[in-house]
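For reference, the structure is listed below as structure tokens.
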Amino acid sequence: MITSVAVVGSTGSIGTQTLEAVADAPDQYRVVSLAAGSDVAGLMAQVEALRPSLVAIGDQSKFADLKDAVAALTPDLDIEVAAGPDGLAECSRRADVTVNAVVGFAGLPVTLACLEEGKRLALANKESLIAAGPIVQIARRTEGAELVPVDSEHAAVHQCLRANNNPAQVSRLQITASGGPFRGRSARSLQSVTVADALAHPTWSMGPKITIDSSTLMNKGLEVIEANELFGEPAGDAGCGITLDDIDVVVHPQSIVHSMVTFTDGSTIAQLSMPTMKLPIAYALAYPDRFPVSYGAIDWATLGSLDFDVPDRSAFPCLDLAFEAGRIGGTAPAWLSAANEVAVEAFLKERIRWADIADINAAVLLSHDGGTGESLDGVLEGDHVARVLAGREVEHRSDGRT
Ligand code: NDP
Ligand code: MG
């Protein structure tokens, strides 16, 4: 049987690697829908190669361009064209498995539509789960719905948990972190780092937003909240009832151990592979089976040593901000994640300094209004308010730079 796949965010780093993995197993997977944010040309190159039945663009103003391009390509073929959040959501309703590879809060409609449709969600878009945790948890309970993480640390935990049949015997999770390009640097020396410095990740090649998040350790902080959402539930989808207090962050510069689970008897199970996202993508596509093609297998003769250390929480304050937001709960993670999106975008445009990102995130989190996040409207409102506040913080620091 062929598994139909929706790739939403298909033009990005995770999206293109998903298409490569699907192309490696053509007897088992077929892409039926594709979507991007605004890159019509990039999307059309994929449409031409893959001929999906539905293609969508997040940016509504690009709908006519996309429609014309599809019509010019395939006057005789029936490819539907859609736009906006509904168009992205529709892509996921058409497939057995959706890879949500959108960056940022814009991925939320896809996460919800896929789970509410009772389908498999291969989730790379951590921001949707972090911002809308309580709502996503309800959607996860839809019959048939299944959430398999693509984020490498969570894919690792997901695999480690399968080594034990009693989730109540999980004691702690160890989420590994490469430490990013600034590992070992003092807070003082980080005052003058540039965008190019922050984009130079030592072990992973990823989209710009997550690469900056890796440099601030915000990515690890978001992943702690993500792990708590994914595995904190008592049952289903490998939930094991852990809390934020049961999650450790371990710096591991080689990015070979992707995360670990420690059980009540003291035994720790780890998942190891070379740093490639193709393996966790393929894992989420194939689960509960294994993908037929090998990615990232280790050559033990050349691997060398593996190192582990504690994170520097004072040079990288975003890590503890995430723990704090997770403990506050409700819409606090949505506020932090939204503020961070605004701050990272401003940093990438060189409007603020690298160190301002953490300061802006802290200032916005401090203003959190106690929202519970139990309704979609509450989450959307929280995201909006946090963006406005973060925008003001950016203005305040940008000194007229646009
Ligand atoms: P990229 O920036 O490389 O790609 C982002 C994708 O999202 C592009 O296809 C982009 O389309 C699309 N997009 C952007 N805005 C919108 C929108 N408003 N509506 C619909 N689509 C949109 O990001 P990555 O692939 O690096 O990351 C994607 C997600 O996966 C993030 O949540 C990230 O945290 C997570 N992740 C990524 C990893 C990696 O190795 N890259 C590792 C672990 C997690 P367009 O090209 O048109 O802008
Ligand atoms: Mg990760």
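To convert, count from 1 in the sequence shown and add 358; that's my numbering.
A virtual CB, placed ideally from N, CA and C, is assigned to each residue, including glycine.
A quick note: this is a predicted structure, and the numbers were derived from the prediction, not measured.
CB of residue i within 8 Å of CB of residue j, strictly
{"i": "I360", "j": "A393", "result": "no"}
{"i": "V752", "j": "R711", "result": "no"}
{"i": "G740", "j": "T689", "result": "yes"}
{"i": "K477", "j": "A503", "result": "yes"}
{"i": "V746", "j": "G684", "result": "no"}
{"i": "V515", "j": "F621", "result": "no"}
{"i": "A744", "j": "A696", "result": "yes"}
{"i": "L487", "j": "E406", "result": "no"}
{"i": "A692", "j": "G731", "result": "yes"}
{"i": "G400", "j": "Q418", "result": "no"}
{"i": "G538", "j": "H559", "result": "yes"}
{"i": "G373", "j": "A513", "result": "no"}
{"i": "M402", "j": "A427", "result": "yes"}
{"i": "A644", "j": "V508", "result": "no"}
{"i": "P611", "j": "D657", "result": "no"}
{"i": "L424", "j": "V398", "result": "yes"}
{"i": "L694", "j": "I493", "result": "no"}
{"i": "S672", "j": "A545", "result": "yes"}
{"i": "H762", "j": "I686", "result": "Outside the shown range of the chain (359 to 760) lies residue 762, about which nothing can therefore be said."}
Cutoff 6 Å; reference residue i; Cβ partners in own chain excluding five residues on either side
{"i": "T376", "result": "V365, V457 and I639"}
{"i": "A593", "result": "A caution first: A593 carries a pLDDT of 48, below 50, which makes its placement in the model unreliable, though a value can still be read off. Cβ within range, chain order: n/a, list empty."}
{"i": "A628", "result": "V615 and M618"}
{"i": "D667", "result": "V609"}
{"i": "V390", "result": "S362, P410, S411, R452 and A453"}
{"i": "A526", "result": "none"}
{"i": "D604", "result": "R530"}
{"i": "G491", "result": "E587"}
{"i": "R755", "result": "I710 and D714"}
{"i": "E475", "result": "R451"}
{"i": "G445", "result": "A414"}
{"i": "T761", "result": "No answer is possible for residue 761: the residues shown for the chain start at 359 and end at 760."}
{"i": "E501", "result": "G476"}
{"i": "M357", "result": "Since the first and last residues shown for the chain are 359 and 760, residue 357 lies out of range."}
{"i": "A497", "result": "L470, L473 and E474"}
{"i": "K420", "result": "S396 and V398"}
Expected contact under 8 Å - CB spacing of residue i and residue j to nearest Å
{"i": "T574", "j": "L557", "result": "Wrong, their Cβ atoms sit about 12 Å apart, outside the cutoff."}
{"i": "S510", "j": "S536", "result": "The pair is not a contact, with the Cβ atoms about 10 Å apart (cut-off 8 Å)."}
{"i": "L505", "j": "L481", "result": "6 Å"}
{"i": "S371", "j": "G565", "result": "5 Å"}
{"i": "K567", "j": "G462", "result": "7 Å"}
{"i": "L602", "j": "F681", "result": "6 Å"}
{"i": "P650", "j": "A383", "result": "5 Å"}
{"i": "A429", "j": "V737", "result": "Actually they are not in contact, since the Cβ atoms of A429 and V737 sit about 37 Å apart, beyond 8 Å."}
Residues of its chain near residue i, where Cβ-Cβ distance is below 8 Å and the 5 sequence neighbours each way are ignored
{"i": "E378", "result": "K636"}
{"i": "R388", "result": "I360, T361, S362, V363 and V380"}
{"i": "R648", "result": "Y641"}
{"i": "C518", "result": "S617, M618, V619, I627, A628 and Q629"}
{"i": "D623", "result": "Q527"}
{"i": "L631", "result": "Note that residue 631 is Ser in the sequence shown, not Leu. Only I614, H616, L637, Y653, G654, A655 and I656 meet the Cβ criterion."}
{"i": "G749", "result": "V700"}
Cβ neighbours of residue i in the same chain (closer than 7 Å, five flanking residues each side left out)
{"i": "A713", "result": "L548 and Q549"}
{"i": "E591", "result": "Q495 and G597"}
{"i": "A440", "result": "L412, A414 and E448"}
{"i": "T552", "result": "none"}
{"i": "D555", "result": "P539"}
{"i": "S613", "result": "S536, T561, W562 and P633"}
{"i": "L706", "result": "V553, P566 and I570"}
{"i": "E438", "result": "S411 and L412"}
Pair every Cβ in the stretch 468–475 with every Cβ in the stretch 436–455, then say whether three or more of these pairs are closer than 8 Å.
Taking 8 Å as the limit for Cβ pairs, the verdict is that the stretch 436–455 does touch the stretch 468–475.
Run through the stretch 671–747 for me and flag every whole alpha helix (DSSP H) of 4 or more residues, listed as ranges in chain order.
676–686, 690–706 and 712–724
Between the stretch 597–605 and the stretch 521–532, can you find at least three pairs of beta-carbon atoms closer than 8 Å?
yes
Is it true that the stretch 674–684 meets the stretch 716–725, where meeting means three or more beta-carbon pairs spaced less than 8 Å apart?
The stretch 674–684 vs the stretch 716–725: in contact.
Jot down the residue ranges of each uninterrupted beta strand (DSSP E) in the stretch 558–623, minimum 3 residues, whole runs only, in chain order.
605–609 and 615–621
Any chance you could list the alpha helix (DSSP H) runs of at least 4 consecutive residues sitting entirely within the stretch 470–535, in chain order?
484–489, 491–498 and 510–519
Start-end ranges of the alpha helix (DSSP H) lying completely within the stretch 413–446, minimum 4 residues
421–431
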